[in-house]
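Read the structure below first, then the notes.
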Amino acid sequence: MRFDLGPLRLDVIDDGLFELRPETFVKVNQGRHASLLDKTRFRPRIKVGFNSLLIRGEGKTILIDPGTGDKERTAQVREYKMEWPRKVLPALRELGVQREQVDLVILTHLHWDHCGACTTIGAGGQIEPTFPRARYIVQKRELDGARRAIQTDDDGYLSDDYEPLFDARKIDLIEADDAHVLPWLSVHWTGGHSAGHQVVRIGTGATGHVMYFSDLIPTTAQLQVGSGMSYDETPNELSESKRKFMRLCAREGDLAVLVHAPRNRLGHLIEMAPDDYRFKAI
Ligand SMILES: [Zn+2]
């Protein structure tokens, strides 16, 4: 799915489907308790997608959340009935994007389904950055949070996805809540889903904006300010950030990208009443 934003050409790239257990989708006041339900009693049933964003223009090639990638993920393929192989890396080839051409990879957070594609197995069997010339942008709080989570066996993070980038000095850590990476691309800390989760806003006042919400609003099922996923770390923070960024998106007419929506991946938020939004897909 391709569209233009001023001088920029954007492609929403589908990484393929996987399945989540229905109890993953929760009201935030149930929070993580939902994940304590016996995993084996429920067959995964909700099909979710994964939508990466490729941005080309103004002399830059940029990827936002490149997806799961091509390192072996046997356990995840089984647990989440994940389509395999994943599709973003082959799609880039088809779109004429060489890995060396990618200048920036913006990561909303470091969960494996969002950032696994940042590293790959090199010719000698070693794990290396997939996009050798790229800088990788991530919140410092997210890297710190991921390293803490790894210690507690949180299976949302796999260190092979990001530590090799850190070792190769390819990561630029963002410490501010809000930062301009380029004059027409900014990142905004939200927390909530994970310690350093951030959303990405592309465009200018002249061109209008695209908001990559990532797991702040993963699908249209999370449009309510009080809804979330059992994976969300800090439900109150999540609701607060949803309130803030949904209002901004609706009032400024941003085009919203919903990362895990299998359909309705792109659209506008319409504010019906305070904290009450509809999604109008395009
Ligand atoms: Zn996600």
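Be aware that the sequence shown starts at 144, since it is given in the numbering used here, and climbs by one per residue.
For each residue, glycine too, the CB sits at the ideal point set by N, CA and C.
Where residue i falls, given that 16 or more other Cβ within 10 Å makes a residue buried
i	result
H336	buried
T204	buried
Q470	The shown model of the chain, from 144 to 425, leaves out residue 470, and the question about it has no answer.
R188	exposed
P427	The structure shown does not extend to residue 427, since the chain spans only 144 to 425, so no value can be given for it.
Q365	buried
D147	exposed
D158	buried
G346	buried
T273	buried
E243	exposed
A416	exposed
D181	Any reading at D181 must be qualified, since the residue scores a pLDDT of 48, below 50, and its modelled position is unreliable; the value itself is stated next. D181 is exposed by the Cβ-count criterion.
A424	exposed
Candidates the options, of which the one nearest residue i by Cα
i	options	result
A266	V342, K214, S373 and I360	K214
F168	Y420, I360 and E395	I360
V191	D419, S357 and G410	S357
V116	G268, L412, H257 and K224	Residue 116 lies beyond the range of the chain shown here (144 to 425); nothing can be said about it.
D297	L247, I317 and A289	A289
P326	P378, D154, G348 and A234	G348
V343	E376, R276, M354 and R164	M354
Q241	I249, L197 and M225	L197
S302	H331, H411, A260 and D315	A260
E162	R221, N194, S382 and G149	R221
G299	N407, Y374 and E380	Y374
T211	H403, L238, Y420 and D154	H403
Residue i CB to nearest heavy atom of ligand 1 below 7 Å
i	result
H340	no
H257	yes
D126	Residue 126 lies beyond the range of the chain shown here (144 to 425); nothing can be said about it.
L361	Going by the sequence as given, residue 361 is Pro instead of Leu. Under cutoff, so the answer is yes.
V169	no
V402	yes
D375	no
D358	yes
H254	yes
Local conformation of residue i per DSSP, three classes
i	result
A424	strand
I264	strand
G410	strand
P165	helix
H254	coil
M144	coil
Q294	helix
V155	strand
A218	helix
D321	strand
T362	coil
D315	strand
A231	Here residue 231 turns out to be Val, not Ala, going by the sequence shown. Of the three classes helix, strand and coil, the one that applies to V231 here is helix, per DSSP.
L160	coil
L180	Annotation note: pLDDT 48 at L180 (below 50); position unreliable, coordinate value reported separately. Of the three classes helix, strand and coil, the one that applies to L180 here is coil, per DSSP.
H403	coil
M225	coil
Residue i beta carbon near ligand 3 (any heavy atom closer than 7 Å)
i	result
Q219	Annotation note on ligand 3: not contained in the displayed structure, which lists ligand 1 as its ligands.
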